[in-house]
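First up is the structure itself, then whatever we jot down about it.
In my numbering, the protein residues as written are 453 to 974.
Set out below in structure tokens:
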């Protein structure tokens with residue numbers, strides 16, 4: 453009975469497809485009956501989950517190993533004065549007195565000593581709130597998650613290892629679990645974009661062992677940012693705009709560069725505006741795109757307003773911080789410039805040459821991925837996708853408004869049927885459609901991600917502390933798609949795949965050694 457039902461389903465699908473040059477009977481002959489064995493996608497997802505878990509165990513083991521063998525450069529990590537009572541997010545207790553009554557002080561001390569670099573800020577905010585102006589450089593999503601987990605699921609551990617150790621443990625748990633979810637989302641996104649399960653698997657495994665791995669297993673905001681950025685992009689490309697807006701907004705609640713994800717909606721809206729003006733389509737979609745972009749900006753703006761309320765309001769002008777008096781008071785820009793020296797070309801100094809060298813591998817990989825795409829697909833890249841052949845846009849219909857380009861509802865149904873077949877598997881299509889569907893890294897669907905990556909890389913190189921580029925760009929899917937692409941390329945190009953693996957392994961070892969012992973890394 454199920455087999456008859458399946459035949460009827462495929463037969464109906466074939467009969468509904470009517471397009472010049474595409475014989476529905478020929479298509480029916482190429483459709484294979486559903487198999488009872490496990491699908492490649494499910495099998496590969498299991499492989500990705502296993503790879504993500506193994507990679508986290510390796511990184512955490514390396515952290516413990518290096519912490520055991522070496523003494524940290526800076527031993528101030530365990531220092532933790534009492535919170536300012538008016539800002540505390542946790543119960544107001546004397547931390548020194550509490551530390552004396554824990555059951556396993558050595559274990560608690562070991563966890564606290566692993567709270568290094570920016571992790572100190574995130575744990576302190578989770579524990580005490582935003583006490584000082586410079587702490588507003590760290591966005592609140594991760595501290596809120598840490599505070600919530602430490603006060604609920606992990607609360608029974610407070611008498612065992614101490615409150616600050618529980619906060620640190622909460623951060624490690626959140627980020628390592630979130631990393632596994634990111635890897636799964638990246639695989640699913642890659643399948644939809646690349647139309648190649650094997651390429652998607654290679655890209656996802658590369659991400660699992662990416663050169664910034666140490667930060668994804670530490671108390672940093674990169675993991676949550678990657679989760680909501682990659683997950684939001686997956687939901688967007690799947691046509692779930694509302695969910696995508698929510699996820700992108702949460703990425704902006706995790707890191708300031710989350711607002712750049714609004715660029716995907718901008719790209720989509722520009723193409724919809726083109727349809728509205730030149731193809732006489734309805735223009736309300738442009739308004740919808742603008743509203744989506746605004747929603748992505750809301751968390752960033754709200755956090756700036758929160759800082760303005762806490763720091764500026766209620767103070768006399770002479771006692772205000774300089775940014776409070778600006779025409780557009782942006783707390784984040786002031787903090788980055790005043791406390792960290794971030795600004796356009798401000799890092800271009802001879803003494804910073806080692807940091808440029810440290811960031812050169814990720815920047816070189818980024819540049820190669822963009823140049824390669826532009827060189828092989830100039831008509832897509834330089835026209836921002838407007839001149840891309842229609843058949844190349846099937847996997848990116850949500851970006852290019854492809855579903856609205858048909859002249860009647862029957863053509864819309866035919867197009868949706870073709871897209872569904874492509875989504876389910878390119879083996880069901882005739883050769884001419886199979887070739888257009890399996891463009892892989894060179895498909896039009898990759899273009900918005902390439903433009904996003906280019907903007908982020910330019911910002912890292914010209915504005916930020918350049919060594920941060922390694923973790924700043926490490927979430928970007930095109931890097932792994934390009935690496936996966938060249939690994940299967942013939943000739944000498946394939947050797948670069950091994951170089952990329954060597955680079956990732958070296959930075960995992962180097963990062964776990966330096967970062968965990970409070971030495972500068974990125």
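Positions of the beta carbon are idealized from the N, C-alpha and C atoms, including for glycine. In this text the structure is predicted, and so the values were computed from the model without any measurement.
Between the alpha carbons of residue i and residue j, how many angstroms are there, rounded?
i	j	result
residue 966	residue 923	15 Å
residue 595	residue 575	7 Å
residue 955	residue 769	52 Å
residue 503	residue 603	31 Å
residue 741	residue 587	33 Å
residue 793	residue 582	21 Å
residue 563	residue 589	24 Å
residue 949	residue 558	44 Å
residue 851	residue 700	16 Å
residue 817	residue 623	30 Å
residue 870	residue 580	Bear in mind that the predicted position of residue 870 carries a pLDDT of just 43, short of 50, making it unreliable; the figure below should be weighed with that in mind. Cα-Cα distance, rounded: 55 Å.
residue 506	residue 928	21 Å
residue 1027	residue 930	The chain is shown only over 453 to 974; residue 1027 falls outside these bounds and no answer can be derived.
residue 934	residue 974	23 Å
residue 789	residue 759	16 Å
residue 702	residue 635	18 Å
residue 618	residue 556	12 Å
residue 536	residue 773	20 Å
residue 753	residue 710	12 Å
residue 509	residue 961	13 Å
residue 614	residue 606	11 Å
residue 749	residue 521	45 Å
residue 612	residue 568	22 Å
residue 637	residue 745	22 Å
residue 766	residue 584	16 Å
residue 418	residue 831	Past the edges of the chain, shown from 453 to 974, lies residue 418, and the structure says nothing about it.
residue 771	residue 729	52 Å
residue 455	residue 498	Residue confidence is low: residue 455 scores 46 on pLDDT, short of 50, so the model does not pin down where it sits. No coordinate-derived value is stated.
Smallest Cα separation from residue i: which of the options?
i	options	result
residue 968	570, 505, 536, 790	570
residue 714	747, 534, 792	747
residue 926	939, 959, 652	959
residue 597	586, 587, 836, 627	627
residue 693	711, 702, 670, 717	717
residue 912	753, 738, 941, 795	795
residue 511	972, 612, 964, 970	964
residue 608	816, 554, 931, 506	554
residue 629	519, 614, 660	660
residue 593	585, 578, 606, 584	578
residue 813	600, 953, 653	953
residue 957	665, 509, 625	665
residue 723	745, 836, 635	836
residue 572	698, 621, 650	621
residue 492	933, 652, 737	652
residue 719	897, 819, 766	897
residue 805	536, 919, 521, 601	919
residue 972	721, 667, 779	667
residue 932	771, 822, 831	822
residue 819	721, 606, 591, 910	910
residue 976	815, 498, 951, 743	Residue 976 lies beyond the residue range present for the chain, which begins at 453 and ends at 974; the question has no answer from this structure.
Please state if the CB of residue j and the CB of residue i are separated by a distance shorter than 8 Å.
i	j	result
residue 534	residue 616	no
residue 807	residue 917	yes
residue 500	residue 657	yes
residue 825	residue 833	yes
residue 561	residue 515	no
residue 764	residue 751	no
residue 906	residue 648	no
residue 783	residue 801	no
residue 496	residue 686	no
residue 775	residue 786	yes
residue 654	residue 936	yes
residue 828	residue 903	no
residue 797	residue 914	yes
residue 712	residue 939	no
residue 970	residue 663	no
residue 725	residue 738	yes
residue 625	residue 601	yes
residue 921	residue 811	yes
Can you find a CB in chain C that lies within less than 8 Å of the CB of residue i?
i	result
residue 520	Judged by its chain identifiers, the structure shown contains no chain C, having just a single protein chain.
Three-pair Cβ contact test at 8 Å for the region 674-694 versus the region 702-710: yes
Stretch-stretch touch, CB-based, cutoff 8 Å, three pairs: the region 665-673 with the region 638-647: no
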